[in-house]
């Protein structure tokens, strides 16, 4: 197999592994954007803005030391545990829409998690620097490991294969480091689901949204949660692809 043949075969193998993840990710992105857009045009009957809704969730959870401030951009909403601040995007902070209430309450749900020391949330925070390091260095070591896997050198007595040597060790270390990205996405799932559950429970119990409005907020948060599921699937398939490539290389 020539260079071009090998290149296209490798590209084909990549698509074979990653196409399901690509499709799922695209569907999730389209769904969250269309759902958010739809309910961003629906004004809630009580005229509650995103900022006010977030404050009500915090109050219901007994949290009073969290600031709520606006931030530029679209769907840039997030809770910053370092500064204890909820930042709400332009379409959420002062907008009285169903989507704004849902998104703002979700971020307030993260603030409640932080306040009570919700374990998966604490674990995710610990994993952030580990994942940042592992995902960057892991790829480099994987490439180096593949390059030197099965390398042979000449000794005075014979040619000694090092196929079980340094290249494979580097490859295994790289895979272990890269796997932290999968661990991070898996830990993120319960954190995001729990934040939405807290938000929806308080929305329902306080009567901020009812009937179709509540249903719209739930659909918005469910669509957003699917993007995290898509990320987990992508990370899993990517890791399995690398492991399979390593195993195939070892059999040669």
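Residue numbers (my numbering): 13 to 264. Backbone N, C-alpha and C define an ideal beta-carbon position, used for all residues, glycine too. Just so it is clear, the structure is predicted and the values come from calculations on it, not from any experiment.
- Listed in chain order, the alpha helix (DSSP H) runs fully inside the stretch 220 to 260 amount to none, counting runs of at least 4 residues.
- In this model, residue 122 and residue 134 are separated by some 11 Å (Cα to Cα).
- Looking at 79, 224, 95 and 150, the one whose alpha-carbon comes closest to that of residue 186 is 150.
- DSSP, read as helix, strand or coil, puts residue 100 in strand.
- In the structure shown, the three-state DSSP call for residue 115 is helix.
- Its chain contains no residue whose beta carbon lies nearer than 8 Å to that of residue 129 once the 5 sequence neighbours on both sides are disregarded.
- Taking all protein chains shown into account, residue 204 has 16 or more neighbouring C-beta atoms within 10 Å of its C-beta and is therefore buried.
- Membership of residue 81 in the beta strand (DSSP E) is indicated by the continuous run 79 to 82.
- Judged by beta-carbon spacing, residue 97 lies within the 7 Å limit of residue 79, meaning their Cβ atoms are closer than that value.
- Assigned with DSSP and collapsed to three states, residue 106 falls in coil, not helix or strand.
- For residue 92, the enclosing beta strand (DSSP E) covers residues 90 to 92.
- Minimum Cα-Cα distance from residue 48 among the listed residues 237, 76 and 244 corresponds to 237.
- By the Cβ neighbour-count rule, residue 84 is exposed, with fewer than 16 other Cβ atoms within 10 Å of its own.
- When the alpha-carbon of residue 143 is set against those of 192, 76 and 210, the nearest one is in 192.
- Here residue 260 is exposed: its Cβ has fewer than 16 other Cβ atoms, across all protein chains shown, within 10 Å.
- Residue 146 and residue 190 do touch by the CB rule: their CB atoms are close to 6 Å apart, below 8 Å.
- In the structure shown, residue 60 falls within a coil segment according to DSSP collapsed to helix, strand and coil.
- If you look at residue 136, you'll find it in the alpha helix (DSSP H) that goes 131 to 160.
- Distance check between residue 58 and each of 82, 109 and 182 places 109 closest, using alpha-carbon atoms only.
- Comparing alpha carbon positions, the residue from 148, 201 and 111 closest to residue 241 is 201.
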